[in-house]
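K.L.:
With the numbering used here applied, the sequence shown covers 750 to 1114. The structure follows.
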Amino acid sequence: MDTCKAAVFVGTGKPIEIQEFPILPIEPGGALVRMQMAAICGTDVHASHLETTPAPTIFGHENIGVLAELSPIITTDVLGQKLQVGDRVIFRDAPCGRCFQCSMGESCQYSKSYGMIRSNESPYLRGGFGQYLQLSATPWLLRVPDDLSNERALLSVIGNHTCLNGIERIGGVNSADTVVIQGSGPIGLGALNQSLIGGAANVIVIGAPESRLKISSRLGATQTISLSDFPTPEARIERVKELTQGRGADIVIEASGGLTAFQEGLEMVRFGGRYLVIGQWTDYGLLSANPALLTRKVIRVQGVFSAGPRHIIRSMQSMRSIVTAPVEELITHRYELDAVNEGFEAHEKLEAMVAVILPNGDPAK
Ligand SMILES: [Zn+2]
Ligand SMILES: [Zn+2]
């Protein structure tokens, strides 16, 4: 039987290990993907520090790969395009269609999240940080057009799809809107792309370090607010007021995950404005915030995480034909499988904007 390598999270505080796995035959209706590129997401880095993270697990949930084997019952992708072995795809586990959340048009309660499943159960290869990944029956597949780079295709599932989901939920961006984005990481810059596509007149990005703010400007931010120039929440709120004729922003998008970001964002929203909260995934417990601001300023607040299939389709279309900015620059670090721990370090030290693993080496070489 053929085998392949994968990078396995074996527990908190331990380096990620390279292990050998059998490549089992695909299950009926399933597919085998030869991985090309998988992003090291903040969620992975965060999970690697949590005692509650299941181990052993092959991380990697933002993925692009090539179909190496395909069940004969799968002949097309979600758009009805012909699919065959050798095609590049973005993939997900199929929703069940029967649970409460599926019924409500939300993400399925039972579908598997590849990159978050234990690797000690057959068929083992369930994350993007491996040379191969096994997909369960009737996976959701989106063919990557030949003229779209791996980098752009991957970015459509890093931040951009989630931001599209959030922007849709808050009722879209209006053409004269000023949007303030708290955070200049991959989600913040996804919010920047999608706000500009939505028609925002001004997009102000708050963040650090300077290199990330420079990329923000190249991607179209009209203003940036540096955490080193404006180190306190008060100073940043003041600066946003200055840039918005004293009113505050029409829309604030929280993409920082910071402890004090929520209250700070509420202060930055104008009267009658909207606040989209994406970064607050970590459960810090009770934090202080002033709910009177919601009532007195008639603020609409919306939380969101991840995205539905339609957001991935639209996000990829935007990367192919609408976003002209050099978004490829966001992928700053590339690592082969053996160097996975270096990749995590680069992410943690904020050296990398987006670091990716190339599980089968550099496809360009
Ligand atoms: Zn992620
Ligand atoms: Zn379901």
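Note that the Cβ used here is the ideal one computed from N, Cα and C, for glycine as well.
Would DSSP call residue 990 helix, strand or coil?
P.N.:
Residue 990: helix per DSSP, three-state reduction.
K.L.:
Report the three-state DSSP secondary structure of residue 771 (helix, strand or coil).
P.N.:
DSSP places residue 771 in strand when its eight states are reduced to three.
K.L.:
Taking contact to mean at least 3 C-beta pairs separated by less than 8 Å, is the stretch 908-924 in contact with the stretch 983-990?
P.N.:
They do not touch, by the three-pair rule.
K.L.:
Could you check whether the stretch 777-795 touches the stretch 915-930, counting it as contact only if at least three pairs of C-beta atoms, one from each stretch, sit closer than 8 Å?
P.N.:
The stretch 777-795 vs the stretch 915-930: no contact.
K.L.:
Exposed or buried, which one is residue 1071 when buried takes at least 16 other CB atoms within 10 Å?
P.N.:
The residue in question, residue 1071, is exposed, as its Cβ has fewer than 16 Cβ neighbours within 10 Å.
K.L.:
Would you check if the distance between the CB atom of residue 997 and the CB atom of residue 1011 is smaller than 9 Å?
P.N.:
No, these two residues do not count as a Cβ contact at 9 Å.
K.L.:
Please classify residue 953 as buried or exposed, where buried requires at least 16 neighbouring CB atoms within 10 angstroms.
P.N.:
Counting Cβ neighbours within 10 Å, residue 953 comes out buried, since at least 16 surround it.
K.L.:
Whose C-beta lies closer than 6 Å to the C-beta of residue 836 among residues of the same chain, with five residues either side of it excluded?
P.N.:
816, 892.
K.L.:
With a cut-off of 8 Å on the beta carbons, I'd call residue 813 and residue 785 a contact; round off their distance for me.
P.N.:
Yes, residue 813 and residue 785 are in contact; Cβ-Cβ is about 5 Å, under 8 Å.
K.L.:
Residue 907 to residue 864, Cα distance in whole Å?
P.N.:
Each residue's alpha carbon lies about 14 Å from the other.
K.L.:
Just verifying my parser: in three-state terms, what is the DSSP assignment at residue 975?
P.N.:
Reduced to three states, the DSSP call for residue 975 is strand.
K.L.:
Could you give the uninterrupted runs of the alpha helix (DSSP H) lying entirely in the stretch 917-974, keeping only those of 4 residues or more?
P.N.:
935-947, 959-967, all fully within the stretch 917-974.
K.L.:
So residue 1048 and residue 1018 are in contact, right, with Cβ under 8 Å, and what is the actual spacing, rounded?
P.N.:
Right, the Cβ-Cβ distance comes to about 5 Å (below 8 Å), so this counts as a contact.
K.L.:
Below 8 Å on the Cβ atoms is my contact criterion, and I expect residue 1096 with residue 759 to pass it. Report the Cβ-Cβ distance as a whole number of Å.
P.N.:
19 Å between Cβ atoms; not a contact.
K.L.:
Could you pull out every residue in the same chain whose Cβ sits closer than 7 Å to the Cβ of residue 851, ignoring the five residues on either side in sequence?
P.N.:
Closer than 7 Å at the Cβ level, and outside the excluded window around residue 851, lie 844, 845, 857.
K.L.:
Counting only runs that start and end within the stretch 1040-1076, where is the alpha helix (DSSP H) found for 4 or more residues in a row?
P.N.:
If we require 4 residues or more, the alpha helix (DSSP H) runs fully inside the stretch 1040-1076 come out as 1041-1045, 1058-1070.
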